[in-house]
Amino acid sequence: MADKKDLSYLSAKESRRITKENRKITKEYEKQISRKDVPESEYLTKMHNDKNILEIDNLHTYFFTDQGVVRSVDGVSFDVPRGATIGVVGESGCGKSVTSLSVMRLLQRPIGQIVDGEIRFKVDDDKAYDIAKMPIAEMQHIRGKKISMIFQEPMTTLNPVFKIGRQLDEVFELHDKETKAEDRRAKSIELLEMVGIANAEGVYDMYPHELSGGMRQRVVIAMALACQPKLIIADEPTTALDVTIQAQILDIFRQLKEKINSSIMLITHDLGVIAEMADFVVVMYAGRIVEKGTLEDIFLHPAHPYTIGLMDSKPSVNKDVDRLYSIPGKVPNPINMPDYCYFRDRCEKCLDKCDGEYPPLIKISDTHYVACYRSEDKEVKE
Amino acid sequence: MAAPKIDRSFTPIEHSEENILEVNALKKYFPIQDGILKHTVGYVKAVDGVTFNIKRGTTMGLVGESGCGKTTTGRTILRLTDGKTSGQVLFNGQEIYDLSAKEIRALRPKMQIIFQDPYSSLSPRMPVSEIIGEAVREHGIVPKEEFDDYIEGIMSDCGLMSYHKDRYPHEFSGGQRQRICIARALALNPDFIVCDEPVSALDVSIQAQIINLLQDLQEKHNLTYLFISHDLSVVKHISDTIGVMYLGNLVEYGSRDDIFDSPAHPYTEALLSAIPVPDPIVKTNRIVLEGSIPSPANPPEGCKFHTRCAKCMDKCKTEIPVQKEISPGHFVCCHLYDE
Ligand SMILES: Nc1ncnc2c1ncn2[C@@H]1O[C@H](COP(=O)(O)OP(=O)(O)OP(=O)(O)O)[C@@H](O)[C@H]1O
Ligand SMILES: Nc1ncnc2c1ncn2[C@@H]1O[C@H](COP(=O)(O)OP(=O)(O)O)[C@@H](O)[C@H]1O
Ligand code: SF4
Ligand code: SF4
Ligand SMILES: [Mg+2]
Ligand SMILES: [Mg+2]
Chain A
1 MADKKDLSYL
11 SAKESRRITK
21 ENRKITKEYE
31 KQISRKDVPE
41 SEYLTKMHND
51 KNILEIDNLH
61 TYFFTDQGVV
71 RSVDGVSFDV
81 PRGATIGVVG
91 ESGCGKSVTS
101 LSVMRLLQRP
111 IGQIVDGEIR
121 FKVDDDKAYD
131 IAKMPIAEMQ
141 HIRGKKISMI
151 FQEPMTTLNP
161 VFKIGRQLDE
171 VFELHDKETK
181 AEDRRAKSIE
191 LLEMVGIANA
201 EGVYDMYPHE
211 LSGGMRQRVV
221 IAMALACQPK
231 LIIADEPTTA
241 LDVTIQAQIL
251 DIFRQLKEKI
261 NSSIMLITHD
271 LGVIAEMADF
281 VVVMYAGRIV
291 EKGTLEDIFL
301 HPAHPYTIGL
311 MDSKPSVNKD
321 VDRLYSIPGK
331 VPNPINMPDY
341 CYFRDRCEKC
351 LDKCDGEYPP
361 LIKISDTHYV
371 ACYRSEDKEV
381 KE
Chain B
1001 MAAPKIDRSF
1011 TPIEHSEENI
1021 LEVNALKKYF
1031 PIQDGILKHT
1041 VGYVKAVDGV
1051 TFNIKRGTTM
1061 GLVGESGCGK
1071 TTTGRTILRL
1081 TDGKTSGQVL
1091 FNGQEIYDLS
1101 AKEIRALRPK
1111 MQIIFQDPYS
1121 SLSPRMPVSE
1131 IIGEAVREHG
1141 IVPKEEFDDY
1151 IEGIMSDCGL
1161 MSYHKDRYPH
1171 EFSGGQRQRI
1181 CIARALALNP
1191 DFIVCDEPVS
1201 ALDVSIQAQI
1211 INLLQDLQEK
1221 HNLTYLFISH
1231 DLSVVKHISD
1241 TIGVMYLGNL
1251 VEYGSRDDIF
1261 DSPAHPYTEA
1271 LLSAIPVPDP
1281 IVKTNRIVLE
1291 GSIPSPANPP
1301 EGCKFHTRCA
1311 KCMDKCKTEI
1321 PVQKEISPGH
1331 FVCCHLYDE
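One line per chain: the protein sequences are A and B, in this order. If you're matching positions, the first sequence starts at 1 in our numbering and goes up one per residue. If you're matching positions, the second sequence starts at 1001 in our numbering and goes up one per residue.
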């Protein structure tokens, strides 16, 4: 763990200096995002393509930690078309969750900040906001209403001391204070039925601990759907569940997409789940996108050595191999990123050129992009 | 109030030399006690009559939904729970529950376990060399003067560096910690290792490293594994034989090809169809199981799977199906195979 050692070698004096500097920087950001009465015109924007519901453009999200600046998301761009499912894959720590927390503006403050880039979101038919520039207070009109998030661990969303029904009712109440209590109850029960809970009236009166993991996750999904959001961000929604329950939950997602025509941003490290659910795939490595394209682009013609390695290292029930491929080495230290291709030290296909600067994301077909020198000859110019 | 009766009857089996482990009609019930008086009012039937063998040098995979009794089976086989409820566990032909405390202690090094969570199973205050070496010294596995070399050799087998010796667990990543757990088990020169979800907590790329390591070590040391996992693609990759558990029962058991190419039990079929396949062209014909797994404290009558089975017949609701051999080495518990 060589780089961990490097970190602990930081002298106390050095660390104090970093802390002080960070405080100065984050104070500026905090001042900016906590402003009141900001005119809408400041964050009003235009979608680059009207078919998209979300456009993440050159997003940089950093954490100003006492060990130094962690560039968790370092120039990420991708679009979420209306009604489509985008799968985001990558190794633990590559910035998947930070990307989604940036869209929700739920980063740990003050150390986590969006330092650059735009997050254009189509709030309604003729209006788009740049979420990255919105004051935090305005986010309450977006979160839960227009964009909902489902976390891996359902108990991060559920409150253990309140009954399921009350927690669901609250979501409706929050967004529409006018509704009557019995209407809210009826709506909640209807939602529980919609996510496949058999005994919805019974579950309405239960506490979270009385439910199994799979049922809790359904409740969380029900809560996320309460306001018919246009975008659902699901961060590893089935990773903690068994395959049979996972299959049920994925089924629910598929049906919902048809019912309420929302878009889904699905984060997972299970390539099987991606293959089943996604229309488009984004592959992240160390805070950047190394490859993106349609499901077919990524699974049938993967171009980046990391994507290929990831595919090969997963055992699959429909192919037999004697020995699994394993990507050598490990992810670089996020505080001390190299100035060449981040994957070079683990890449078995590198060229002389790879010692040079970080490879740009190039277009190799109408839908398929990759950041690797190996694909240069395939580049299509606009 | 009297505790509910337990049926402890079974027909004993004969040991066969090729098997390192023979498990026959094994039950492990956990008593449920009422609040104040601590009367036993029922049982969680975590393992409810499980029968299988493992041949020396092979890997048996054990799959099933969470809570179906995989871990309890693994622990009961190693005599790590407070006694079995009934049945037999023969290790090299020897009933391990007949051994004295001293005898079982002497046998311990031969049968080891690796846990799911490499974080909580390592003592935080011991350096790696101590974690791996403690039991080696205790059991006198190698002479004192060879101890250091021996530990270094094991560490290097498991992909750890000699400079890792003086480090503490918190300084390692999840994958490296799992290597330490494997090294600790391997250092005792075991014949049999229960691997309880050893890669479930790890990233895909690190999973591959650990699976490869387990396979290399098996070849080098002629190890036998019981590999518990809910990830069927991992189980398929590593196992020679596979057992499928549902609510404390082994509903199907056979060679890897029996299970994957000709699954016989409706639950196995559903389980296999639920696996997402990382290939956008392959479209699986999914059997979605309705509802969730019933409680093992109050399992359904008859076939325990009947509440979720699409092929359920009348007798399934009352009669318990018995294990039948439908082709050599392929066993299934289901009324569909009654004559
Ligand atoms: N609150 C925080 N403070 C400091 N660093 C953080 C914080 N949250 C995340 N990071 C860092 O940001 C990087 C990206 O983390 P992120 O949680 O997005 O990973 P991920 O891709 O979602 O991984 P996983 O698959 O494990 O969920 C990591 O290096 C992580 O250590
Ligand atoms: N020490 C214990 N006391 C009571 N019940 C237990 C104990 N250990 C396990 N169980 C119960 O036995 C059943 C099987 O558990 P386990 O073997 O851990 O399942 P798996 O490993 O297949 O997920 C579960 O219902 C569990 O709650
Ligand atoms: S740019 Fe070079 S080092 Fe980086 S992934 Fe491509 S071939 Fe490998
Ligand atoms: S015994 Fe009956 S209920 Fe049970 S699995 Fe077989 S067909 Fe289904
Ligand atoms: Mg995450
Ligand atoms: Mg378990």
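All residues carry an ideal CB built from backbone N, CA and C; glycine is no exception. Keep in mind that this is a model prediction, so the values were computed, not measured.
With a threshold of 9 Å between beta-carbons, can residue i be considered close to chain A, or not?
| i | result |
| --- | --- |
| residue 1263(B) | no |
| residue 985(B) | Residue numbering for chain B in the displayed model covers 1001 to 1339; residue 985(B) lies beyond these limits and cannot be assessed. |
| residue 1279(B) | yes |
| residue 1233(B) | yes |
| residue 1273(B) | yes |
| residue 1276(B) | yes |
| residue 1019(B) | no |
Please list the terminal residues of the continuous alpha helix (DSSP H) segment that includes residue i.
| i | result |
| --- | --- |
| residue 1237(B) | 1232 to 1238 |
| residue 224(A) | 213 to 225 |
| residue 1212(B) | 1204 to 1221 |
| residue 1003(B) | That residue, residue 1003(B), is in no alpha helix (DSSP H); it is neither H nor E in DSSP. |
| residue 171(A) | 164 to 175 |
| residue 228(A) | Counting along the chain, residue 228(A) falls outside any alpha helix (DSSP H), and DSSP gives it neither H nor E. |
| residue 1031(B) | Unbroken run through residue 1031(B) is the beta strand (DSSP E), 1019 to 1033; no alpha helix (DSSP H). |
| residue 55(A) | Per DSSP, residue 55(A) belongs to no alpha helix (DSSP H); it is in the beta strand (DSSP E), 52 to 65. |
| residue 1156(B) | 1147 to 1157 |
| residue 1175(B) | 1174 to 1186 |
Give every residue of the same chain whose Cβ lies closer than 6 Å to the Cβ of residue i, excluding the five residues on either side of it in the sequence, and list them in chain order.
| i | result |
| --- | --- |
| residue 148(A) | 224, 229 and 232 |
| residue 1049(B) | 1025 and 1027 |
| residue 1206(B) | 1175 |
| residue 1337(B) | 1324 and 1326 |
| residue 1060(B) | 1054, 1226 and 1241 |
To the nearest angstrom, how far is it from the Cα of residue i to the Cα of residue j?
| i | j | result |
| --- | --- | --- |
| residue 67(A) | residue 27(A) | 18 Å |
| residue 167(A) | residue 183(A) | 15 Å |
| residue 1318(B) | residue 1069(B) | 23 Å |
| residue 1185(B) | residue 339(A) | 41 Å |
| residue 140(A) | residue 208(A) | 25 Å |
| residue 1054(B) | residue 302(A) | 40 Å |
| residue 138(A) | residue 35(A) | 10 Å |
| residue 1265(B) | residue 1256(B) | 14 Å |
| residue 1282(B) | residue 368(A) | 21 Å |
| residue 161(A) | residue 222(A) | 18 Å |
| residue 1147(B) | residue 1159(B) | 19 Å |
| residue 1115(B) | residue 1195(B) | 6 Å |
| residue 1087(B) | residue 1008(B) | 7 Å |
| residue 72(A) | residue 94(A) | 7 Å |
| residue 1128(B) | residue 1152(B) | 11 Å |
| residue 226(A) | residue 1212(B) | 45 Å |
Does the beta-carbon of residue i have 16 or more other beta-carbons within 10 angstroms, so that it is buried, or is it exposed?
| i | result |
| --- | --- |
| residue 1178(B) | buried |
| residue 1182(B) | buried |
| residue 1019(B) | buried |
| residue 1270(B) | buried |
| residue 1163(B) | exposed |
| residue 1167(B) | buried |
| residue 1170(B) | exposed |
With a CB to CB cut of under 8 Å and the five nearest residues on each side skipped, what residues in its chain are close to residue i?
| i | result |
| --- | --- |
| residue 1335(B) | 1303, 1313, 1315, 1316, 1319 and 1321 |
| residue 1161(B) | 1155 |
| residue 1232(B) | 1063, 1271, 1272 and 1275 |
Of all the CB atoms in chain B, is at least one closer than 9 Å to the CB of residue i?
| i | result |
| --- | --- |
| residue 96(A) | no |
| residue 318(A) | yes |
| residue 70(A) | no |
| residue 212(A) | yes |
| residue 353(A) | no |
| residue 265(A) | no |
| residue 3(A) | Any reading at residue 3(A) is ruled out, since the residue's pLDDT is 42, under 50, leaving its predicted position unreliable. |
| residue 378(A) | no |
Residues in the same chain with beta-carbon distance under 7 Å from residue i, minus the five sequence neighbours each way, listed in chain order, please.
| i | result |
| --- | --- |
| residue 80(A) | 52, 53, 54, 86, 231, 263 and 265 |
| residue 309(A) | 325 and 327 |
How is the beta strand (DSSP E) around residue i delimited, first residue to last?
| i | result |
| --- | --- |
| residue 310(A) | Not the beta strand (DSSP E): residue 310(A) falls in the alpha helix (DSSP H), residues 305 to 313. |
| residue 275(A) | Per DSSP, residue 275(A) belongs to no beta strand (DSSP E); it is in the alpha helix (DSSP H), 271 to 277. |
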